[in-house]
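Please read the structure below before turning to the comments.
Protein chains: 2
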Amino acid sequence: MIVKSTANVPAEAVTMPGAADVNMQMLLGPADDCPNFAMRKFTVAPGGHTPRHQHNYEHEVLVLRGSGRAFSPAGEKHLAPGDVVFVPANELHQFTNTGSEPFEFICLVPAHVHRPAAQPAANTAGCS
Amino acid sequence: MIVKSTANVPAEAVTMPGAADVNMQMLLGPADDCPNFAMRKFTVAPGGHTPRHQHNYEHEVLVLRGSGRAFSPAGEKHLAPGDVVFVPANELHQFTNTGSEPFEFICLVPAHVHRPAAQPAANTAGCS
Chain Y
1099 MIVKSTANVP
1109 AEAVTMPGAA
1119 DVNMQMLLGP
1129 ADDCPNFAMR
1139 KFTVAPGGHT
1149 PRHQHNYEHE
1159 VLVLRGSGRA
1169 FSPAGEKHLA
1179 PGDVVFVPAN
1189 ELHQFTNTGS
1199 EPFEFICLVP
1209 AHVHRPAAQP
1219 AANTAGCS
Chain D
1099 MIVKSTANVP
1109 AEAVTMPGAA
1119 DVNMQMLLGP
1129 ADDCPNFAMR
1139 KFTVAPGGHT
1149 PRHQHNYEHE
1159 VLVLRGSGRA
1169 FSPAGEKHLA
1179 PGDVVFVPAN
1189 ELHQFTNTGS
1199 EPFEFICLVP
1209 AHVHRPAAQP
1219 AANTAGCS
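Structure follows, in structure tokens:
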């Protein structure tokens, strides 16, 4: 069993094109030998957003803090703490901070997304 | 894209032997066509606990609220909001509320755990 505090997990800036003011923490992933899915925490600063993009794997999201907006081709939806989001594979999507405090959420993906050489490099740090 | 509030997801009592005062909400799972993993929220009342058991799939846990304890054969660890836990497949484990308020956490499992007939019935509602 592995137990760790989110506060002790290093944050890295998401540098994927289209991301603005987004940090990611790998809470549980390849380094923990998670076999099937990886749990990442994203923090989007006020005014920031994740890329508007799509990819061949799904997201499962839980909003922890702040106020945001989820874009999909069907429209935009407001997000608040306690909301969950399922983004199917290959659907265009984007998460934007619409408030004045950090917008924080966890976003899970299949484990292969973060295994070296399993996906194109541009996909390895993007929730979202 | 599916968006829903945790507050609107029905809670069901976990009736697995060994569970005490535990409710589960299926936040994202088979009914949402999640292909690879399922996100459940567990609420353990003060004095309650999940079963002390093991199974052939892993858990990825994030503590949301309250105070708890995670048991594994290596010992017991205190859990607080923001802590994450990885329980590997086949490791004995149990989560206990050690505080005076509800102990809440999400716990993700491979999707097959909640698909009909994919696992023995006794495993279909147990984080934990």
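Line by line, the protein sequences give chains Y and D. Numbering of the first sequence is given in this note's numbering, commencing with residue 1099 and proceeding in unit increments. Numbering of the second sequence is given in this note's numbering, commencing with residue 1099 and proceeding in unit increments. Yeah, the Cβ is synthetic: ideal placement off N, Cα and C, and Gly gets one too.
Restricting to Cα atoms, I'd like to know which of the options is closest to residue i.
{"i": "residue 1070 of chain Y", "options": "Y:1178, Y:1172, Y:1153 and Y:1155", "result": "The structure shown does not extend to residue 1070 of chain Y, since chain Y is modelled only from 1099 to 1226, so the question has no answer here."}
{"i": "residue 1148 of chain Y", "options": "Y:1114, Y:1171 and Y:1176", "result": "Y:1114"}
{"i": "residue 1187 of chain D", "options": "D:1173, D:1208, D:1130 and D:1134", "result": "D:1208"}
{"i": "residue 1118 of chain D", "options": "D:1100, D:1144 and D:1205", "result": "D:1144"}
{"i": "residue 1105 of chain D", "options": "D:1123, D:1099 and D:1116", "result": "D:1123"}
{"i": "residue 1142 of chain D", "options": "D:1133, D:1116 and D:1099", "result": "D:1116"}
In three-state terms, what does DSSP make of residue i?
{"i": "residue 1141 of chain D", "result": "strand"}
{"i": "residue 1246 of chain D", "result": "Because chain D in this structure spans residues 1099 to 1226, residue 1246 of chain D falls outside the shown range and cannot be described."}
{"i": "residue 1106 of chain Y", "result": "helix"}
{"i": "residue 1208 of chain D", "result": "strand"}
{"i": "residue 1170 of chain D", "result": "strand"}
{"i": "residue 1188 of chain D", "result": "coil"}
{"i": "residue 1100 of chain Y", "result": "strand"}
{"i": "residue 1112 of chain Y", "result": "coil"}
{"i": "residue 1152 of chain Y", "result": "coil"}
{"i": "residue 1202 of chain D", "result": "strand"}
{"i": "residue 1163 of chain D", "result": "strand"}
{"i": "residue 1196 of chain D", "result": "coil"}
{"i": "residue 1118 of chain D", "result": "strand"}
{"i": "residue 1180 of chain D", "result": "coil"}
{"i": "residue 1147 of chain Y", "result": "strand"}
How about residue i and residue j: are their beta carbons less than 7 Å apart?
{"i": "residue 1228 of chain D", "j": "residue 1213 of chain D", "result": "This structure does not reach residue 1228 of chain D, given that chain D is present from 1099 up to 1226, and the question cannot be answered."}
{"i": "residue 1126 of chain Y", "j": "residue 1158 of chain D", "result": "yes"}
{"i": "residue 1121 of chain Y", "j": "residue 1136 of chain Y", "result": "no"}
{"i": "residue 1140 of chain D", "j": "residue 1203 of chain D", "result": "yes"}
{"i": "residue 1192 of chain Y", "j": "residue 1169 of chain Y", "result": "yes"}
{"i": "residue 1181 of chain Y", "j": "residue 1103 of chain D", "result": "yes"}
{"i": "residue 1101 of chain D", "j": "residue 1155 of chain D", "result": "no"}
Contact check, residue i vs residue j under 8 Å by CB: the rounded distance?
{"i": "residue 1167 of chain Y", "j": "residue 1196 of chain Y", "result": "5 Å"}
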